[in-house]
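Engineer:
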């Protein structure tokens, strides 16, 4: 897997997943595996587009679940071809949605996969519907645990506050934890 910064990678064609992927929990893993599978079907590279730090950590001082190093190691295990790590700061957060779409076009994105709550651009002005006007976007369905509850980084943070390590490990889908 090769790692790039924002606006560095140019591809003729690809399948892209976009997200903070903090914790790289089972829901994230399912989404990324789907992207890798679709990229193989189309015989194009798979790309994960993520952020460091995650937007919630930057804006809301939320607890970060995985360091960028751990996140990269976990993404690599999913057989992704390329990862873009956007340095999330004030300048990046102020970018208009159209600037982000221009960057995605540099990737030759044939398919883009995002979660149902995906928003982008300054003040979260960009929506999935808006992005769909420019590129082919697929919304990955919510992934739930055995109890039917949504798997999310927010839920994992709440479980960490309760020291419920068994549920945290289950939602992360792995035993090793380097929670930050």
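Residue numbers (this note's numbering): 24 to 203. Cβ atoms here follow ideal geometry from the backbone N, Cα and C, with glycine treated the same way. Bear in mind that the values here come from a model prediction, so they are computed numbers and not experimental data.
On the DSSP bridge assignment, give the partners of residue 62 in chain order.
Structural biologist: What you label residue 62 is simply residue 39 of the chain shown in a count that begins at 1. DSSP output for residue 62 lists no bridge partner at all.
Engineer: Whole angstroms are fine: how far does the CA of residue 76 sit from the CA of residue 146?
Structural biologist: The sequence position of residue 146 within the chain shown is 123, counting from 1. The sequence position of residue 76 within the chain shown is 53, counting from 1. Going by the C-alpha atoms only, they are around 17 Å apart.
Engineer: On the DSSP bridge list, what partners appear for residue 105?
Structural biologist: Reading the chain shown from its first residue, position 82 is the one you call residue 105. Partner(s): 25 and 70.
Engineer: Using a Cβ-Cβ cut-off of 8 Å (strictly less than) and excluding sequence neighbours within five positions of residue 27, which residues of its own chain qualify?
Structural biologist: To locate residue 27, count along the chain shown from 1; it is residue 4. Contacts found: 105, 106, 107 and 108.
Engineer: Counting along the chain, where does the alpha helix (DSSP H) carrying residue 133 start and finish?
Structural biologist: The sequence position of residue 133 within the chain shown is 110, counting from 1. From DSSP, residue 133 is part of no alpha helix (DSSP H) but of the beta strand (DSSP E) over 132-137.
Engineer: Answer with buried or exposed for residue 134, where buried requires no fewer than 16 other C-beta atoms within 10 angstroms of its C-beta.
Structural biologist: In the chain shown, residue 134 corresponds to position 111, counting from 1. Buried, since its Cβ has 16 or more Cβ neighbours within 10 Å.
Engineer: Residue 24: which of 83, 79 and 71 sits nearest, CA to CA?
Structural biologist: The residue given as residue 24 occupies position 1 in the chain shown. Comparing Cα positions, the closest option is 71.
Engineer: Which word fits residue 188, buried or exposed, when buried means at least 16 other C-beta atoms lie within 10 angstroms of its C-beta?
Structural biologist: Stepping through the chain shown from its first residue, residue 188 is reached at position 165. With fewer than 16 other Cβ atoms within 10 Å, it is exposed.
Engineer: Can you tell me whether DSSP reads residue 160 as helix, strand or coil?
Structural biologist: Here residue 160 is taken as the residue at index 137 of the chain shown, counted from 1. Looking at residue 160 - three-state DSSP - the assignment turns out to be strand.
Engineer: Can you name the start and end residues of the beta strand (DSSP E) that residue 38 belongs to?
Structural biologist: If you number the chain shown from 1, residue 38 lands on position 15. 37-41 is the extent of the beta strand (DSSP E) around residue 38.
Engineer: Quick check on residue 165: buried or exposed, where buried means 16 or more other Cβ atoms within 10 Å of its Cβ?
Structural biologist: Taking the first residue of the chain shown as 1, we reach residue 165 at position 142. By the neighbour-count rule (16 or more Cβ atoms within 10 Å), residue 165 is not buried but exposed.
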